[in-house]
Every structure is written in structure tokens, then in C-alpha cells.
Amino acid sequence: MKLATCLLAIASLASAASPVITISGNAFWNSDTEERFYIRGIDYQPLQNGSTIDNLADAETCERDIEYFKELGINTIRVYSIDNSQDHNHCMKLLDEAGIYLLLDVNTAEASISRSEPKCSYNADYLQAIFSTVDEFANYTNVLGFFAGNEVINDQENTTAAATYVKAVVRDLKRYMRARDYRAVPVGYSAADVSSNVYETAAYFNCGDDEDARIDMFGVNDYSWCGSSSFTTSGYSQKVKNYAGYSVPIFFSEYGCNTVGDSRAFSEVGTIYSERMSSVFSGGLVYEYSEEANHYGLVEIDENGNVTTLADFDHLRDMLNSTSNPEGDGGYTANGTISECPEVEDGVWEADTSLPEMPSAASVYFSSGAGEPQGTGSNTQWGCYNDDDDDDDDESSSNSSSSSSSSSSSSSSDSDSETSSAAQTASSSASSSSSSGIAGVVRAPVFYKAAVGLDALFASSIVGIFGLVVLLV
């Protein structure tokens, strides 16, 4: 079944392949026309009965919603979570035919870097999960990029230490794509606009000698323009100054404050796609397509799947249709400088430049592939496996953060208290139940073994004064 799906995907790509969007300097470019590409998009993760579903695997939903994407005039959607065991070819083909690109978060609520236990959540099973997502999407030319994390670092105490592990994920994703001979799909990070650390976050993911560990693009979830604000009042002008010279594309991975009035006028659109911003920013994505509990929706979807457009939809459509991109190259920077790594300081920035080594059990994926995708059914966040590299990992990795955290996708702005429900469920690092009983197990990655059909070998030994039985797989 998977082979047939892959062959169908290849056939469809040959008949309707969007130009690959490339990166040069701090801008995106259409590889066919060589024109600058600006993201004019929306965040897309309709929930079903409050739960995350894979809308890109649902043909009927995809066919329905793409018609509204076309009416809006967008060229990009961001999706926070998918089920990598499902077939996405039909929807990706429809998006391709509509000229719409995909920015995809590779994580799920079950498989992501945990803010509170980043070391524990960075394991071979987790890498199998995200590599399987890469396997599913890397060959589509209308995949604009992958996000390695979303708001893992936020305004909670001690979350900056988790950045070390997210940066390792950036590195691992790039190396996996190269090893599997995929196109080098850009890998980025989507940051909370938290005044205490967003610029340190931007610098950290763009610093260091290892090009694989540096991001290719940086998204900011920003809700600072509220109501009839302005370039100066919103803080946009200061952001342009602060990010000037940044060496990779920056864009708003979420925007659209909803704290003023009954609907959003989206007056910021005219500024985002102006020469005042284009030297630094490459557009953005409005949060969000569907109306959920926090009232950011452009449309409302009833229990029968019927769509009703809201006032926000009309306002955004009109603003996008009346706003042109800047002429020429928009004043982009061709040769920006790699950032200096932020200094480590307790309570301020706790991620150092020494990244954890990739778990040794994951090395097989580079030569043999990630194996059978496991979908969203298994939680990988508490896989503290003591493999042969654990001693080395302890020396090379940062101290894990000890603070507790929730799975939020909030923004440091006027809307800070109104977290985005889709990202709450789908994309941010989620805390989980206790990992008791997992430490001390020595085994190959469970998912890979299931995929390649290796027989499980069991043995037992008495460990410690309590005579605990340890399963050796």
C-alpha cells in the first residue's frame, strides 16, 4: 500500500509540480521565476470535537477548505500536526494545483521535545517519529519548510535550556534528509514573541560553526499589532531594527491580535508587505483558519462540516487582495552575518553551545530509513533509554530544565493570556505523566523494530537491592 502511494505521489508530482521555494540571503525565492517569495498565509489546524485531527489526510475536508484558501488569495498554510501513517497525496496535489505551499511542524503532542524534560524526550523513538514525517513530505515540491519546534522556549522559568535539544533536532533533520538523498527542505523554528528571550532565541538558533545545527528560517508568533495600530506603536519598527542583518529569512509564523473590537481589520497587512518591512521580514501567516475556543477564526465549521465565513475572513481577503508585494528584491540582505551565541546566564539564558549527540540507536535510520511510520498513537516523551552513548551524552548535553510546563502556543503580546488552542493541542512541547519505570531499559528503538520486523529477544536480570527485573530487548 505504501509503495503504491509513493508511486502515485511521484506521478502526480511529475504532472503538477510547484516551483521549489529556495533561500538566498535573508529571503525566499521562486526557483522558476527567480522572483522574491513572500509568505501570504494562514495557520490551519481545524479541531474536531476539541481534538487535533489530520486535515491533510481527509480528502473531503481538504477539497472543501482549499476553495476558501483560493478565495483568500493565500500562497501558504502552516499545519501544526499530522499523522505520518496516513496518505497525504490527494491533499498535497490539490494544494499544489492551487499554488499553495506547506509549512509543516514535524512534531505532535505525543512526539516532541518537552520543556520540562528535554533530555528525556530527545530519544531514538522521537527521531523515528519526526524522520517518518520527513519521509512522508520531503518529496513534495510545495513543502516550503519544516519547523523543528514551536514555542518550546517561552516565558516560563528555565525553558531556555530546552533550546539545546531543539537545536540538535534541527541538525538531525538536516543530516537525515542529506543521508536519505532528499531535497534540502528548509528547517526552522517558530518562536514565542517573549521580550525576555526572543532575540536570544533568534541568535542561538543562528549561531555556531555547525551549519547543520543552524536554522534556515525563523518564525515569530507575534500579536503586537492590535486594532488600528501603526508601524511604530505596534513595535514593528523596532523589530525591523533588532533583526536587521539576520542571515536567514524571518516571518510572522502567527499574527493577528484579536483583543480590540468584535473583528479584526488586519490593517497590519499593508505594513507587513511594504518596503518598511521587506528588508527583514518575508511576510507571515494569520492565526487561524477555523474558529476555536479562543476566537481567532476566519471561518466557523459546524458539527456537520459546513463552513461559514466570518467578518475576519472578508477583512483579510480584502486586505490581501489590495496589497501588492514590494517591487524587486525588497531590499533583502544578500550576505547577512551569523549571529553570536548568547552568553549562558542562570535564569536568563541557560542553553550552551554544546549539543547532545544524536542517540546511537537512531543511526540506523540514516542508512535504512525511518521504517514504518507509527502515526500519533505512541508517546515518545519519556523514553529515557540508557544506551551505550548515555555517558557521552551526559557530558555533551546541557542540563535539562526542571520546571513544569504546559503544552501552550502563546504569544508575548496583548493577547498573551489567550493561547492558541490548535497549537496547544498540536504543536508545542507537551508535558506528560511520570516516566517512572522507563529509566534503565536497554533496547533498540521500539518503532524501528516494529517497522523492520525484528524478533524481540527477552532476558531478565536482577538489578539493585530491590531485585528489580529489567527487560533487555
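According to mature numbering (1 follows the signal peptide of the UniProt record, and there is no 0), the stretch in the sequence shown is residues -16 to -1, 1 to 457, in order. For every residue, glycine included, the Cβ atom is placed at its ideal position computed from N, Cα and C.
Query: Hey, quick one: how far does the beta strand (DSSP E) through SER15 stretch, first residue to last?; Result: Neither: SER15 is in no beta strand (DSSP E) and is coded neither H nor E.
Query: According to DSSP, what are the bridge partners of ASN205?; Result: ALA176, GLU238
Query: With 16 as the cutoff for other CB atoms within 10 Å, does GLY229 come out buried or exposed?; Result: exposed
Query: Would you mind stating whether VAL132 and TYR160 have Cβ atoms separated by less than 9 Å?; Result: Val is not the amino acid found at residue 132; the sequence shown has Ala there. In this structure, TYR160 does not lie closer than 9 Å to ALA132 by Cβ.
Query: Tell me the DSSP secondary structure of LEU294 in three-state form.; Result: coil
Query: In this structure, how does DSSP classify ARG24 when only helix, strand and coil are distinguished?; Result: strand
Query: With a threshold of 6 Å on Cβ separation, who are the neighbours of ALA186 within its own chain once the five nearest residues in sequence on each side are excluded?; Result: PHE202
Query: Count the other CB atoms, across all protein chains shown, that sit within 10 Å of the CB of ASP246; report buried if there are 16 or more and exposed otherwise.; Result: exposed
Query: Rounding to the nearest angstrom, what Cα-Cα distance links SER69 and VAL264 in this structure?; Result: 37 Å
Query: Residue range of the alpha helix (DSSP H) that ASP49 falls in?; Result: 43 to 56
Query: What number of angstroms, rounded off, separates the C-alpha of SER180 from the C-alpha of ASP139?; Result: 7 Å
Query: Mind checking which residues open and close the alpha helix (DSSP H) that includes ALA152?; Result: 147 to 163
Query: What is the DSSP secondary structure of ALA1, counted as helix, strand or coil?; Result: coil
Query: THR243 and CYS210 look like a contact to me (Cβ under 8 Å); what is the Cβ gap, rounded to whole Å?; Result: 5 Å
Query: So, under 8 Å CB-CB, ALA163 and PHE350 are touching, yes? Tell me the CB distance rounded to an integer number of Å.; Result: 4 Å
Query: Do the stretch 26 to 45 and the stretch 56 to 75 meet, that is, are 3 or more Cβ pairs less than 8 Å apart?; Result: yes
Query: Can you tell me whether GLY289 is buried or exposed? The criterion is at least 16 other CB atoms within 10 Å of its CB, across all chains shown.; Result: exposed
Query: Helix, strand or coil, according to DSSP, for GLY83 in the structure here?; Result: coil
Query: Roughly how many whole angstroms lie between the Cα atoms of PRO429 and GLN358?; Result: In this predicted model, PRO429 has a pLDDT of only 39, less than 50, meaning its place in the structure is not dependable enough to derive any value.
Query: In this structure, does DSSP put THR92 in helix, strand or coil?; Result: coil
Query: Would you call SER2 buried or exposed, if buried means 16 or more other Cβ atoms sit within 10 Å of its Cβ?; Result: buried
Query: Could you compute how far the alpha carbon of THR17 sits from the alpha carbon of ILE114?; Result: 32 Å
Query: Can you give me the start and stop residues for the alpha helix (DSSP H) that GLU120 sits inside?; Result: 108 to 121
Query: Do the stretch 283 to 298 and the stretch 338 to 346 make contact, defined as three or more Cβ pairs closer than 8 Å?; Result: no
Query: Whole angstroms is fine: what's the gap from ILE137's alpha carbon to CYS325's?; Result: 16 Å
Query: Under a three-way DSSP split, which group does SER274 fall into?; Result: strand
Query: Between the stretch 261 to 279 and the stretch 318 to 334, do at least 3 Cβ pairs fall closer than 8 Å?; Result: no
Query: Give the secondary structure of THR60 by DSSP, where H, G and I count as helix, E and B as strand, and everything else as coil.; Result: strand
Query: Could you have a look at ILE256 and say whether DSSP puts it in helix, strand or coil?; Result: helix
Query: Between the C-alpha atoms of ASP119 and TYR28, what's the straight-line distance to the nearest angstrom?; Result: 21 Å
Query: Consult DSSP for SER323 and reduce its assignment to one of helix, strand or coil.; Result: strand
Query: Rounded to whole angstroms, what is the Cα-Cα separation between THR317 and ILE7?; Result: 12 Å
Query: Where does ASN73 fall in DSSP's three states?; Result: helix
Query: For a test of the three-state rule: what should DSSP assign to THR243, helix, strand or coil?; Result: coil
Query: Going by the beta-carbon positions, is the gap between PHE236 and ASP200 smaller than 9 Å?; Result: no
Query: For THR144 versus VAL332, is the C-beta spacing smaller than 9 Å?; Result: yes
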